[in-house]
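Undergrad:
2 protein chains.
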Amino acid sequence: MTLDTDKASAKAVPAGTSTLDLALRAVEYLVLQSRPVALAQIAEALSSSKATIYRHLVTLQRHGFVRQDPNTGRYDAGIKLMVLGEALRQRFDIVSAAREELMTLRDRTGQAVTLCDVIDEELIVLELIQGRTMIEFAMRPGTRLAFHASAHGKIWLAFGSPERSRAVAAGELKAWTPSTIVSGEALLAEIARVREHGWATAPDQVITGVNTLAAPVFDHRKALVGSIAIVGATQFIAPEPNPEQIREVVGAAARISRGLTWKD
Amino acid sequence: MTLDTDKASAKAVPAGTSTLDLALRAVEYLVLQSRPVALAQIAEALSSSKATIYRHLVTLQRHGFVRQDPNTGRYDAGIKLMVLGEALRQRFDIVSAAREELMTLRDRTGQAVTLCDVIDEELIVLELIQGRTMIEFAMRPGTRLAFHASAHGKIWLAFGSPERSRAVAAGELKAWTPSTIVSGEALLAEIARVREHGWATAPDQVITGVNTLAAPVFDHRKALVGSIAIVGATQFIAPEPNPEQIREVVGAAARISRGLTWKD
DNA sequence: TGTTTCATTTCATATAATGAAATATCATTT
DNA sequence: AAATGATATTTCATTATATGAAATGAAACA
């Protein structure tokens, strides 16, 4: 039917509720602000009336998504978002399946360890086992990573669907540091190398002075379900990591994979 | 005007939007489920129609609060909750102000370190610097703690508003372990002791075999703005902690307090 | 005491959410 | 290859309910 195309171009809103849309925008707006904001300001930012926003805030507050500063009466994002975020994170099977191996990996390598998963084409940090450095604060659970500029991402490009790697290589490749791979061709070559080796690195490609060494986790059907990595200063994880580090990371990933075998 | 009272008793809903309320209940429902659920099931659980829920889910999905399983078409909570949760956590001033001291404290004591704050009368873990044990997984940022059954909580009762400690002592005191303080009288005595010492412990009171040693962080006006603690096996943090541990925790708390002095 | 800055409530209006039922889509089974 | 069953999705008439302008209230400030 050609109507679909017409509709899509004419009215970009196929279904949904505008009331809810406004309310969600209010929540996101509040999270972005760094301090509580006045009702009038929210209403103006969303080009809506104070009364409307007010009623939404009341409902949002009742659910804990929004809070009101007891002193100033201004509104702010509520802690429910933090609580729900953590509850959601815990729900990923791989998080509990990998936990012990990740701790062991950190203790054996001395570096911070991260676990990532792709959810709706977004590369998300699900777990961080801290080392002794501060760099890892950039790798908190809930953080989104770039496919082309992270060791985790390269694992997902090398062992995930070909569509994804093609799409990423063809898209815009933002440079985070001077070392970030920005050419599609170079990226595809790097992906091939990663596939061959079975592990990936990203020296100076996310943060200068920091390197990551990642390996893939598969389920019983050989489908990629996660990636794990050690993260540390280039001083500890060289651009060409030492064989023992590689063995540790790849080995831990393989053991987690094995642990997933008997699962659905 | 007496009408207010009448209204309040007759209709408990003073303001707000029912549409939004339904949508938020849908989000919370999805977070609670451990797997994606079918539209019909959500509609039934919230006693609403499929069409209504569908449209809400579309909007929620557009904002990332909800995702749809590409294979089954079923709905699930979206990662936006995780991303927003982490963004929100970062916004608390005390988190960045305390970061370095907390790292130092962990390195000097060898134990995991936590930072808590009270937001809208809820005691929330805002930061966790991991040690080498697994117990700390129960103390992730976003976790809610009980005032009467945690070292952090006792700090907030001892150095916070008298109304709070009175209310908590008078309320129900849930027993998490056999060692949890369940009598209001005993709790008040404990609070007095904490206030006198300047630090609190909770041996076996949250999880058996685990102890916590907490101290208060104040702002320039001597108002309580946070609490920090070391968390570890009772083996490492005795019910009566050794003087050095106490000195470390109380000292770190004092330094963080001092760091807040020049701030608003 | 007057002034500003907020939140909150009221009320008439029509916008926009609603539910029942029809339809589409897809995977799996026969 | 056709049938089945699970699911999402769209349609449409109806009115419930979200809406905005303006009035009010409350509190902090000078």
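Chains as they are written, first to last, in numbering that gives the first Met the number 0: chain S, 0 to 263; chain F, 0 to 263. Don't be surprised by glycine CBs; every beta carbon is placed ideally from N, CA and C.
Do you know whose CA, among S:91, S:56, S:65 and S:167, lies nearest residue 35 (chain F)'s CA?
TA: When only C-alpha atoms are compared, the closest one is S:91.
Undergrad: Name, in chain order, the residues that DSSP records as bridge partners for residue 121 (chain F).
TA: According to DSSP, residue 121 (chain F) bridges with F:118.
Undergrad: Across the stretch 102 to 113 of chain F and the stretch 43 to 59 of chain S, are there enough close Cβ pairs to call them in contact, namely three or more that are closer than 8 Å?
TA: Too few Cβ pairs lie closer than 8 Å, so no.
Undergrad: Taking the alpha-carbon of residue 188 (chain F) as reference, which of F:205, F:165 and F:207 has the nearest alpha-carbon?
TA: Comparing Cα positions, the closest option is F:165.
Undergrad: Where does residue 234 (chain S) land, buried or exposed, given buried means 16+ other C-beta within 10 angstroms?
TA: With fewer than 16 Cβ atoms within 10 Å of its Cβ, residue 234 (chain S) is classed as exposed.
Undergrad: Is there at least one Cβ from chain F nearer than 8 Å to residue 250 (chain S)'s Cβ?
TA: So, not an interface residue.
Undergrad: Which whole-angstrom value describes the C-beta separation of residue 213 (chain F) and residue 151 (chain F), a residue pair presumed to lie in contact below a C-beta threshold of 8 Å?
TA: Contact flag correct, Cβ pair sits at about 5 Å.
Undergrad: Which residues does DSSP list as the beta-bridge partners of residue 128 (chain F)?
TA: Answer by DSSP bridge pairing, in chain order: F:112.
Undergrad: Quick check: the Cα distance between residue 183 (chain S) and residue 170 (chain S), rounded to an integer number of angstroms?
TA: Roughly 8 Å separates the two Cα atoms.
Undergrad: Does residue 222 (chain F) pass the burial test, meaning 16 or more other C-beta atoms within 10 Å, or should it be called exposed?
TA: Exposed, because fewer than 16 other Cβ atoms sit within 10 Å of the Cβ of residue 222 (chain F).
Undergrad: Tell me, which residues are paired with residue 20 (chain F) by DSSP?
TA: DSSP, once it has assigned bridges, lists no residue as partnering residue 20 (chain F).
Undergrad: Quick one: residues in its chain with C-beta nearer than 8 Å to the C-beta of residue 120 (chain S), no 5 flanking neighbours on either side, listed in chain order?
TA: Once the five neighbours on either side are set aside, the close Cβ partners of residue 120 (chain S) are 163.
Undergrad: Quick check on residue 38 (chain F) - is its C-beta less than 8 Å from some C-beta in chain S?
TA: Not closer than 8 Å to any Cβ of chain S, the Cβ of residue 38 (chain F) fails to qualify, so no.
Undergrad: What is the DSSP secondary structure of residue 217 (chain F), counted as helix, strand or coil?
TA: Correct three-state label for residue 217 (chain F): strand.
Undergrad: Taking the continuous alpha helix (DSSP H) assigned at residue 249 (chain S), which residues delimit it?
TA: Its alpha helix (DSSP H) spans residues 242 to 259.
Undergrad: If you follow the beta strand (DSSP E) that residue 223 (chain S) is in, where does it begin and where does it stop?
TA: Start and end: 223 to 232.
Undergrad: Pull up the distance between the alpha-carbon of residue 226 (chain F) and that of residue 186 (chain F), whole angstroms please.
TA: If I take the Cα positions, the gap works out to 19 Å.
Undergrad: Under a three-way DSSP split, which group does residue 156 (chain F) fall into?
TA: In the structure shown, residue 156 (chain F) sits in a helix (DSSP, three-state: H, G or I).
Undergrad: Compile a chain-ordered list of the residues in the stretch 189 to 220 of chain S whose CB is closer than 9 Å to at least one CB of chain F.
TA: Listed by position along the chain: nothing, the set is empty.
Undergrad: DSSP puts residue 144 (chain S) in a beta bridge; with which residues?
TA: Answer is S:122.
Undergrad: Beta-carbon of residue 96 (chain F) versus every beta-carbon of chain S: anything under 8 Å?
TA: So, not an interface residue.
Undergrad: Which residue comes first and which comes last in the alpha helix (DSSP H) that contains residue 193 (chain F)?
TA: It spans 183 to 196 - the alpha helix (DSSP H) in which residue 193 (chain F) sits, taken as one unbroken run.
Undergrad: Interface residues of chain F around residue 123 (chain S) at Cβ under 9 Å?
TA: Near residue 123 (chain S) (Cβ distances below 9 Å), the residues of chain F are 78, 81 and 82.
Undergrad: Exposed or buried, which one is residue 68 (chain S) when buried takes at least 16 other CB atoms within 10 Å?
TA: Residue 68 (chain S) is exposed by the Cβ-count criterion.
Undergrad: Going by beta carbon distance, what residues of the same chain come within less than 6 Å of residue 238 (chain F), once the five residues before and after it are set aside?
TA: Only 202 meet the Cβ criterion.
Undergrad: Kindly indicate which three-state DSSP category residue 107 (chain S) falls into: helix, strand or coil?
TA: Helix, per DSSP.
Undergrad: Would you be able to state if there are at least three C-beta pairs under 8 Å between the stretch 236 to 251 of chain S and the stretch 15 to 33 of chain F?
TA: No, they do not touch.
Undergrad: Are residue 22 (chain S) and residue 62 (chain S) touching if we call contact CB-CB under 8 Å?
TA: Not in contact: residue 22 (chain S) and residue 62 (chain S) (Cβ atoms no closer than 8 Å).
Undergrad: Can you list, in chain order, the residues of the stretch 124 to 148 of chain F whose Cβ is nearer than 8 Å to any Cβ on chain S?
TA: Listed in sequence order: 128, 129, 131, 133, 136, 139, 140, 141, 142 and 143.
Undergrad: Going by DSSP in three states, residue 204 (chain S) sits in which element: helix, strand or coil?
TA: Three-state DSSP puts residue 204 (chain S) in coil, outside helix and strand.
Undergrad: Taking the C-alpha atoms as reference points, what is the distance between residue 26 (chain S) and residue 83 (chain F)?
TA: Rounded to whole angstroms, residue 26 (chain S) to residue 83 (chain F) spans 9 Å at the Cα level.
Undergrad: For residue 115 (chain S), tell me which candidate among S:196, S:145 and S:193 has the shortest Cα-Cα distance.
TA: Considering only alpha carbons, the answer is S:145.
Undergrad: Name the two residues that bound the continuous beta strand (DSSP E) containing residue 66 (chain F).
TA: Residues 65 to 67.
Undergrad: Considering residue 76 (chain S), what are the terminal residues of the alpha helix (DSSP H) in which it resides?
TA: Here residue 76 (chain S) belongs to no alpha helix (DSSP H); instead the beta strand (DSSP E) covers 74 to 76.
Undergrad: Please tell me whether residue 113 (chain S) has its Cβ less than 8 Å away from any Cβ of chain F.
TA: By this cut-off, residue 113 (chain S) is not an interface position.
Undergrad: Can you tell me whether residue 96 (chain F) is buried or exposed, with buried defined as 16 or more other CB within 10 angstroms of its CB?
TA: So residue 96 (chain F) ends up on the buried side.
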